[in-house]
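S.K.:
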Amino acid sequence: MIREMAAAAGMLALLGGPIAAQQNTSKRNPVADAGSATFEVVNKWGSGDQSIWCAAAQAALSRGAAWKDRLYVVDVKSAAQSPYGAETITFTFRPTQEQLAQATSGSSSTRGIGNNISVNSANRRCQRDMGAT
41 MIREMAAAAG MLALLGGPIA AQQNTSKRNP VADAGSATFE VVNKWGSGDQ SIWCAAAQAA
101 LSRGAAWKDR LYVVDVKSAA QSPYGAETIT FTFRPTQEQL AQATSGSSST RGIGNNISVN
161 SANRRCQRDM GAT
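Converting from the sequence shown to the working numbering requires adding 40 to each position, the first position being numbered 1.
1. Using the C-alpha atoms, what's the distance from alanine 105 back to phenylalanine 133?
2. Going by beta carbon distance, what residues of the same chain come within less than 6 Å of tryptophan 93, once the five residues before and after it are set aside?
3. So which of Ser91, Arg68, Ala143 and Ser122 has the shortest CA-CA distance to valine 113?
4. If you drop the 5 nearest sequence neighbours on each side, which residues of the same chain put their C-beta closer than 8 Å to that of isoleucine 153?
5. Report back the beta-carbon spacing between alanine 100 and aspartate 109 to the nearest angstrom; my notes put them in contact at under 8 Å.
6. Measuring straight from C-alpha to C-alpha, what distance separates arginine 151 and asparagine 83?
7. Distance, Cα to Cα, serine 91 vs threonine 136?
8. Can the beta-carbon of alanine 119 be found closer than 8 Å to that of alanine 126?
9. Using a Cβ-Cβ cutoff of less than 7 Å, which residues in the same chain neighbour alanine 77 once the five nearest sequence positions on both sides are dropped?
10. Mapping the DSSP letters down to three states, classify arginine 164 as helix, strand or coil.
11. Just mark leucine 111 as buried or exposed, buried being the case when its beta carbon has 16 or more other beta carbons within 10 Å.
12. Near serine 149, what residues of its chain come up, given a Cβ to Cβ distance below 7 Å and the 5 sequence neighbours on each side ignored?
13. Which whole runs of the beta strand (DSSP E) in the stretch 115 to 147 are 3 residues long or more, in chain order?
14. Tell me which residue opens and which closes the beta strand (DSSP E) that aspartate 73 is part of.
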């Protein structure tokens, strides 16, 4: 009986992490393609910058970006302007010369066109944000 209870407790501990992770992923912001190396993060959950950069990093990596590439904010649409009915932030990891001319450093806000950080830095925000999404 004690062995069965210990085994059940062990299984619960093993499954608890993945179950919590699955629940956490249910609130990820959707991502839509917007061209070559460009995509939109739809802020469906009213997330803060950490979650948005995290989603952008994961989207960029899945589209072939390298860890050292930089993610640039190239457009921000309000919920009223967005076809998705939620604030939408457009990112690219292959900026045009015009987009590079708008680039700014020193701010990690996702609401500023030209703001940029590395894919690696954006991905680190996933770890910081795990409990908040």
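Here a beta-carbon is modelled for each residue, glycine too, at the ideal position from N, C-alpha and C.
Values in this document were obtained by computation on a predicted structure and should not be read as measured data.
M.R.: According to the data block:
1. In the sequence shown, counting from the first residue as 1, residue 133 sits at position 93. In the sequence shown, counting from the first residue as 1, residue 105 sits at position 65. Roughly 7 Å between the two C-alpha positions.
2. Here the question's residue 93 lines up with position 53 in the sequence shown. Contacts found: Ala162 and Arg165.
3. As a position in the sequence shown, residue 113 is number 73, starting the count at 1. Closest option to valine 113, Cα to Cα, is Ala143.
4. To locate residue 153, count along the sequence shown from 1; it is residue 113. So the list reads Val113, Val114, Asp115, Val116 and Gln142, once near-sequence residues are dropped.
5. Numbered from its first residue, the sequence shown carries residue 100 at position 60. Numbered from its first residue, the sequence shown carries residue 109 at position 69. About 7 Å; that satisfies the 8 Å criterion.
6. The sequence position of residue 151 within the sequence shown is 111, counting from 1. The sequence position of residue 83 within the sequence shown is 43, counting from 1. If you take the alpha carbons of arginine 151 and asparagine 83, they lie about 11 Å apart.
7. Residue mapping note: residue 91 aligns to position 51 of the sequence shown, counting from 1. Residue mapping note: residue 136 aligns to position 96 of the sequence shown, counting from 1. Cα-Cα distance, rounded: 25 Å.
8. Walking along the sequence shown from the start, residue 119 turns up at place 79. Walking along the sequence shown from the start, residue 126 turns up at place 86. For alanine 119 and alanine 126, yes; Cβs fall inside 8 Å.
9. Here the question's residue 77 lines up with position 37 in the sequence shown. For alanine 77, where only same-chain residues beyond five positions count, the Cβ hits under 7 Å are Arg103, Thr132, Phe133 and Arg134.
10. Indexing the sequence shown from 1 puts residue 164 at position 124. Helix.
11. Sequence index remark: in the sequence shown, residue 111 carries index 71 (1-based). Buried: at least 16 other Cβ atoms inside 10 Å.
12. Residue numbering aside, residue 149 sits at position 109 when the sequence shown is read from its first letter. These residues qualify, in order along the chain: Asp89 and Asn155.
13. 128 to 132
14. In the sequence shown, the residue the question calls residue 73 occupies position 33. Taken as a continuous stretch (DSSP letters only), the beta strand (DSSP E) holding aspartate 73 covers 71 to 73.
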